[in-house]
Structures are given as C-alpha cells and as structure tokens.
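Since the structure comes first, as structure tokens, the remarks are kept for the end.
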Amino acid sequence: MLVGATPEPGAALAAEETGPPAGYRLQPLLHDLVSTVLAPTSALSGADGQIRASGVQGLFHADARALSLARLLIDGHEPEAIAYLPVGPGHDRFVSLARRLGDPHPDPTVRIERTRQVTPYGMSEQVEIVSTASAPVTATVTIELAGDFAPIEVVKSGGDTTPVAATAEGPGTLVWRSQRSRVVVTGMDARAEIADAPGQIAPARLAWPVTVRPRERVTLRWEAAVTDPAAVVISPSGPVEWSRPRVAAADRRLERLLDRSLDDLRSLRLVEPDAPGDTFLGAGVPWFLTLFGRDSIWAARMLLPLGTELAAGTLRVLARRQGVRTDPASGEAPGKIMHELRRHEFTVEGNGLRLPATYYGTIDATPLWIALLHDAWRWGMPERAVAPLLPHLEAALGWLGEHADPDGDGFVEYIDTSSRGLANQGWKDSGDAVRFRDGSQATAPIALAEVQGYAYQAATGAAALLEAFGRPGAERWREHAAALAARFRDRFWVEGSAGRYPALALDAAKRPVDSLTSNIGHLLGTGLLSAGEEAEVARLLASPAMAGGFGLRTMSADDGGFSPLSYHCGSIWAHDTAIVLAGLARAGFGGQAAGLAEGLLAVGEAFGYRLPELYGGDARDDVGRPLPYPAACRPQAWSAAAAVTIVHAATGLYPDVPEGRVTLRPLAGAPLGAVSAHGLRVAGHEVGVEVDAAGRAEVTGLPADLRIEDLAQPAR
C-alpha cells in the first residue's frame, strides 16, 4: 500500500487473515554481515567488525553461540568504519576512525585497525590504534562482551535468548559457563570488569588505558577460547584434501572468484571426532555448519577435478551413518543416506519442525551418494578406497529398489509421515517449493523430476561398479534404469506455452506438476533423456523467463508461483546454476553454459567474490546487479564449489580412468574467452589444460596409460 493511501473496506481484515500467525517470529537477516570462518567456529559481525547483541551476530562454535557481543569502544564511543578487508581463511581486517581523538581538523588522524583471526576453537583479535596527530593521544579502549550459549536453531527462528553471567578469574580473564561448554576470554594487559545491575546481567568488559604518540601505534590483543567436548563435528588436523590450481583466464573475474572460493572451501572443512581422517565440507554459515548428506555430496562431487580425497572422506562418513532400520520419526530406512547431523533435536519455533539429531528426511542423498562413488572412481579414486564402500553401495541399491517407491508406481518419491519433519525432501525443501503452473501447491507423496534422473544415473553407475569389481546385479540395475527412463518419458513430459518439457514432479494423484523449473536442468548428463530431449530442455532453460537474471532461476518468471525473492520459486541458487551449466557443457550446449557461467561471475563480482547460497531472481535489465536474499548463507560449500565447476566446464576435461581414456569438450568463445588451468588432478597426477579463445585445447601431465580418445569440437 502507498504511504498516505486510504485502505479500501475490508483491507484490514484481509491483512489479518493473510498475515503471520500469532507468535510468529521473523528469521534474522544476515545479507549485510561479515562471516569469518574456520569450521566449526564462525564469527558474524557488521561490516565494521562490531559484534552486536542483535539478530544472528555472534561468535558461534559448532551449533551454539559462544559470544553474543564483542563491541569495541574508544572512550565510550564506537569508531566509524571505513573498510572491511578479507585476508584469508578465518582471517579478516576492519579499519575505522576515531574522529573524536587527534587533531581538530577534517582529516582523520587516529584510526583503528582491527584484525580478526578465527580458529577451530575460538577467536583472537589484534586492535591497533594508529596516530598521525601532532600530539600524544590518550584514551580508554574497551571491548564489551556477553555470552548466551543460544542454540543455532533458536537464533535462526528469532527466538528469545537469555544472557549468561560472566565471572572474572584473573586481572584480564572473563569466563562464561554452560552445562556443556565454556568460553574463556583473555585480554593481554587488560583489566576485566563486571558491573551487573540488580536484576539484570550487564555486558562484561576488557579495558585498556592507552597513550599513542605521534607517528606511532599501540597494539592490544584479546582472545576467546571455546571448550566444547560434546560437539559432533571438529576441525581436521591434516592438510587440505584438494589441489589449488593455477588458473589464468581472459575474464579475470574467474581467477578472483576461484581464489576466494577455494579459501572459503578450506574454511568449511570438518571431521567427526571419532573419524579424524575423513574430511567432509560443512554445508554453510551460519545455519548449516555441519554434515549434510546432499550438500556435502554435491560439494565433493563438484571438487572432483581437484582430487578424489574429499570425495572418499565424504563417502566414508556418510556410509558409517547409513540407515539400518525403519524409523518414520527420523526418516531412517535400511541403506538410506542421512540428511543432517546435529548435537540434539533441531526444533524451529513456530513451524512445527522437530528434526532428530540424526535425520534422514532426504529423497536424493542416497542416489547422489552412489553417483559420487561412481564419479570419483572414474576420476581415479584408487580401487583400495572404492572396494570397502561396495557393501554400502549394495545397501543403497537395496533402499532404491525396496524403500524409495512406497506405492510401487516405479518412481522415487517422498512423504513425511511424522508430521514434524521436512514436508519437501528434495533440494528445494521449503514447504511451498513444489507448485503447479498456476501457483497452487502439490500434495505429497511427490516424485521429483531431478530425483528420477539421479536414480537413473545411480543405477547405471552402480551397474558399472558392480561389473568392474566382479559383484552380481549389474544387469538388473541396467534394466531398472531403462524401465525408469521409459516411464519418465511417458508420464513426466508436458506441454506449455513455451513448448514441451518435463514437469517438476508428479503429485499424490500422479498428476504432472507442470511448472517450468530449474530442476529439469539436473537431468542433463544423467542419461535419462535422449539427445533430442536434452536439446528441448536446453532451449527452455536458456529462455529469458529462466535465464533472464544473473544465472538460472529456480522457477520460470512466467509461472504463477514465481517470486524473485522466494527461497525456491524464482530466486537463483549458485550451485543449481553450476550443476545445470555443467550438464549443458558436457551435452554440447556451450553457448547456454557460458551464458550461465558469465552470470555467476557477475554475481561473484557483486558480492565480493564470495558467492551466496542464493540471491534474487530479478531480471538483469530491471536491477543492474543481483539483489541479496537476506537470509542466505555465506560462505556455503556448494556455492563456493561452483567456481570449480566453471573452471571444469571451461577446460572440458572428462576422464574415465578405469577405461583408460579422457574426453575433451572445452567451452569456446565469448563470454569466457581463453582459459588455462594447471594443477587439476586425474588419478593423483597433476594435469594442465590450456584452451584458446577458439576452443582448441592442449592437455599436459596425463598419466601414460590414459589416452585422449575424443578431442571433441568446441561445444555448441
């Protein structure tokens, strides 16, 4: 409604009827915050470096907030920020001014340089006061501190939190304790102060009196150490599991995006305490910094061009937690791969969501686990690493054949029978994600289009593995895949104003959910579609309704449910766009793939080369730059991994180590131009690929037993 307009009769009543229910809480926004991360610890602050007692700001460890306030004051005033400078994984710098100090003229003469270093078990800060004033400057520097140990799900839901009182245990030491963890803050040469008022808990303080002479600087240091023996995820101690390739590109944005993304991926590495050698990637900061089946699998799959070690660790971690029983409350079933790992039940206030600590409510993690094992084997994962996972492969196939299709119609489908789990269990898992073309919502059980593609790919990949390792069942799964493809072709394809395309899903009544969505792009490269069908899909995905923003919209702008800032019905997800551009590139649709890649590069530039989880699906002509989705995670594993996917698609290197061959299909021409990447890994060997502007490629470093079987023409 316009300001000053008079509401029409009944307008207030309509607002009451359609507004949020009583007690509804708003999820805090975080698009304008800075995340400094070294998993499982993260600090979320304003761009000025201040951690204020507001929203999702704080120092988090694992799945709880350790400190809810860390505010720097100079003589009781906040300094004025002028710059935020990312330094590296877990390392950021903030520059501000103290204009109340120093010489009385317009040029600032006292500035504050605040350098933050996050470690897996806490955070340290160095605060430097730098003066160019003509006389000594005297001030009191204070850090205000508070802690609440709030669980991440309470913070996410905007719930109430209760501050915890600090105790002073030494001249410069403050301690906060909960039943499960402890935070110790130490200020070097500082004075610890606690001044709780009657009936309330006030912030504690570290204070330093300082004098800064002209042309000098004074350095102050403080640190927070978190002890949390019950955390279910910890930091790995070994070296990073993937290579850091040397990339040069005509479009320099690709180099910058890759550098920042690899730093972010390094900061998201995690292991379980009882398996310190098996690294996986936490899904994202702040909500999902833990093991997520789908997210961790996709991120590892996208990083295969840099080595197979991360894939091996991810596969083993998930195999150890593979389902062994049937439990509707958790979604567990024999052979099923889990969705999410937490310390305790994950309860989100206001929407009835109550997920067990180990939750299996995902329809796609199991076929994606199989696909990751198969792809890692093709990239050269050693047989000694593949063989121990084959019993888990057979168990996953057991789930696919016996539990994934409860009504026996031949499609993989889901329904939450617990009434407190996720209503939608594909990657678009928000409650309103599955909509018809007119905007109405589908009813479960739901069979998603892309999941049928994953299932087809899992069946054919598993058949190849079973055959290669002399295990039975290969022919059965090839027949299963062929039958699934025939059923899909018969039941999923629909006609719309833009042409013929696969529906998003089948609903409970087996009606095609006829919206046009990005989900169908995930079918490219799975083998489920014929070459002609892939061409139909590629054409529609490149249409302005789908690709008119900065990447690929999750839903067509022509559909009734489209909203550019919805979570899954019109926004753009970096990983989704990357998966589809990879499928387009491999299928030979290079022009469409390059267009999506350019969109991601533009997004990287707009967001400081740290790709967010998702962003607005507005048309480029309307907004000029991508709009943030205000609750998106940054950094996020599969978003950061999208940069590797762009490099991989541009170089077009597709190895099949067991078959002794490599296929090349690089992207060519605008908008990416020439690209070279040295330090890719195939079967443990460092490989280089150089692609000129015309798409001609040269490969160096391949193992002697691999041949370039098909030097394909540049992709279309």
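Here the numbering used here is used: the first residue of the sequence shown is 1, the next is one more, and so on.
By construction, the Cβ of each residue, glycine as well, lies at the ideal position given by its N, Cα and C atoms.
On the DSSP bridge list, what partners appear for Tyr454?
Bridge partners of Tyr454: none, in fact.
Round the Cβ separation of Val644 and Met302 to the nearest angstrom and send it over; I've been treating them as touching at under 8 Å.
6 Å
Touch test, the segment 87-97 against the segment 43-57, Cβ-Cβ under 8 Å, three pairs minimum
yes
Could you tell me which of Ala300, Ala224, Gly187 and Leu667 sits nearest to Gly590, measuring between CA atoms?
Leu667
Only counting the same chain, and skipping five residues up and downstream in sequence, which positions put a Cβ closer than 6 Å to that of Arg741?
The displayed coordinates of the chain run from 1 to 716. Any statement about residue 741 would go beyond what the structure contains.
Hey, is the segment 46-58 in contact with the segment 68-86, meaning 3+ C-beta pairs nearer than 8 Å?
yes
Which residues mark the beginning and the end of the beta strand (DSSP E) in which Pro367 is found?
Element bounds for Pro367: not the beta strand (DSSP E) but the alpha helix (DSSP H), Ala365 to Arg378.
At what residue ranges does the segment 499-564 contain a whole run of the beta strand (DSSP E), taking only runs of 3 or more?
499-502
Among Gln57, Val184 and Thr142, nearest to Lys156 - alpha-carbon criterion:
Gln57
Whole angstroms are fine: how far does the CA of Thr162 sit from the CA of Gln200?
10 Å
Sub-8 Å separation of Leu291 and Val233 beta-carbons
yes
Please report the straight-line C-alpha distance between Leu341 and Pro630, rounded to a whole angstrom.
25 Å
Leaving out five residues before and five after Ala150 in sequence, what residues of the same chain have Cβ atoms less than 6 Å from its Cβ?
Arg65 and Thr161
Candidates Gly461, Asp364 and Arg191: which alpha carbon is nearest Glu475's?
Gly461
From this set, His344, Leu400 and Arg354, which residue's C-alpha is nearest Trp369's C-alpha?
Leu400
Residues bridged to Met123 [DSSP beta-bridge criterion]
Val118 and Ala224
Whole-Å CB distance - Trp287 paired with Ile152, under 8 Å assumed:
6 Å
Given this structure, state the Cα-to-Cα distance separating Phe469 from Ala387, to the nearest angstrom.
8 Å
Between the Cα of Arg751 and those of Gly361, Leu268 and Val412, spot the shortest distance and give me the residue it belongs to.
Past the edges of the chain, shown from 1 to 716, lies residue 751, and the structure says nothing about it.
To the nearest angstrom, how far is it from the Cα of Pro356 to the Cα of Ala538?
40 Å
Could you please give the first and the last residue of the uninterrupted alpha helix (DSSP H) stretch that includes Pro720?
Any answer about residue 720 is impossible in this case: the structure gives the chain only from 1 up to 716.
Taking DSSP as the reference, what is the three-state secondary structure of His105?
coil
Exposed or buried, Val3, counting other C-beta atoms within 10 Å across all chains shown (16 or more means buried)?
Note that Val3 scores a pLDDT of 31, beneath 50, so its modelled location is shaky; the value from the coordinates is reported in the next line. It is exposed - the Cβ of Val3 has fewer than 16 other Cβ atoms within 10 Å.
Starting from the C-beta of Glu605, find all residues in its chain whose C-beta is less than 6 Å away, skip the five residues before and the five after it, and write them out in chain order.
Arg253
Output yes or no for whether 8 Å exceeds the beta carbon distance between Pro214 and Ser131.
yes
Look at the Cβ atom of Gly398, then the Cβ atom of Pro334, and state whether they are nearer than 8 Å.
yes
Here's the rule: buried if 16 or more other CB atoms are within 10 angstroms of the residue's CB, otherwise exposed. What is Asp63?
buried
For Val212, name the three-state secondary structure that DSSP assigns.
strand
Return the chain-ordered list of same chain residues with a C-beta closer than 8 Å to the C-beta of Val496, the five sequence neighbours on each side being excluded.
Here the sequence assigns Gly to residue 496, which means Val is not the residue at that position. These residues qualify, in order along the chain: Arg437, Asp514 and Leu516.
Alpha-carbon to alpha-carbon, Pro276 and Val687:
29 Å
Using CA coordinates, which residue listed in Val183, Arg661, Asp559 and Leu614 is at the minimum distance from Trp222?
Val183
Are there 16 or more other CB atoms within 10 angstroms of the CB of Phe280, so buried, or fewer, so exposed?
buried
Gly10 burial status per 10 Å Cβ neighbour count (16 or more: buried)
Model confidence at Gly10 stands at a pLDDT of 33, short of 50, so the residue's coordinates are unreliable and nothing is read from them.
Tell me the rounded alpha-carbon separation between Gly705 and Leu600.
With the sequence shown as reference, residue 705 is identified as Asp, and Gly is not the correct amino acid for it. Distance between the alpha carbons of Asp705 and Leu600: 36 Å.
Quick one: what does DSSP say Val386 is sitting in, helix, strand or coil?
helix
Provide the residue(s) that pair with Thr358 in DSSP beta bridges, ordered along the chain.
Leu341
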